[in-house]
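A short worksheet on the structure shown next.
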Amino acid sequence: MGLMVNVMLAAQPGEVDALWSTAAIVTALKAFGASVVYSFLGLIMFALAYKVLGFIFPFSIRKELEEDQNTAVGIVLGCMMLGLAIIIAAAIHG
Numbered sequence: 278m279g280l281m282v283n284v285m286l287a288a289q290p291g292e293v294d295a296l297w298s299t300a301a302i303v304t305a306l307k308a309f310g311a312s313v314v315y316s317f318l319g320l321i322m323f324a325l326a327y328k329v330l331g332f333i334f335p336f337s338i339r340k341e342l343e344e345d346q347n348t349a350v351g352i353v354l355g356c357m358m359l360g361l362a363i364i365i366a367a368a369i370h371g
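Mapping of the sequence shown onto our numbering: residues 278 to 371, in sequence order.
This is the structure we're talking about:
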């Protein structure tokens, strides 16, 4: 937001209208929509990965984390989420 204010202050009066043109607003809305879609897809991927880990592990992940306070399971789950986040970010970025 600060950059936008600096650009508007440095621009001539006629140039500010070009900054808020219809094309710029449409482009911003498309980018926002894409961000929302990718966020939901990422959350779905995390949920699926958690379910897959639940099928792979011979114990309850929830029980191990909440009741038994098993740090090792928390580390494995955190590494899985971090690795999946890197893969999703690379897929989105191209």
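We put the CB at the ideal spot given by N, CA and C, even for glycine.
If you're wondering where the values come from, they're calculated on a predicted model, not measured in any experiment.
* Does DSSP put F317 in a helix, a strand or coil? -> The three-state secondary structure of F317, taken from DSSP, is helix.
* Asked: Does the separation of the CB atoms of Y315 and I364 fall below 8 Å?
  -> Cβ atoms of Y315 and I364: not closer than 8 Å.
* To do: Leaving aside the five residues before and after M358 along the sequence, list all residues of the same chain whose C-beta is less than 7 Å from its C-beta, in chain order.
  => So the list reads F323, once near-sequence residues are dropped.
* Express the C-alpha separation of E343 and F317 in angstroms, rounding to a whole number. => Distance between the alpha carbons of F317 and E343 is about 26 Å.
* Asked: From what residue to what residue does the alpha helix (DSSP H) around E341 run?
  -> For E341, the enclosing alpha helix (DSSP H) starts and ends at 338–343.
* Asked: In whole angstroms, what separates the C-alpha of E381 from that of G351?
  -> Residue numbering for the chain in the displayed model covers 278 to 371; residue 381 lies beyond these limits and cannot be assessed.
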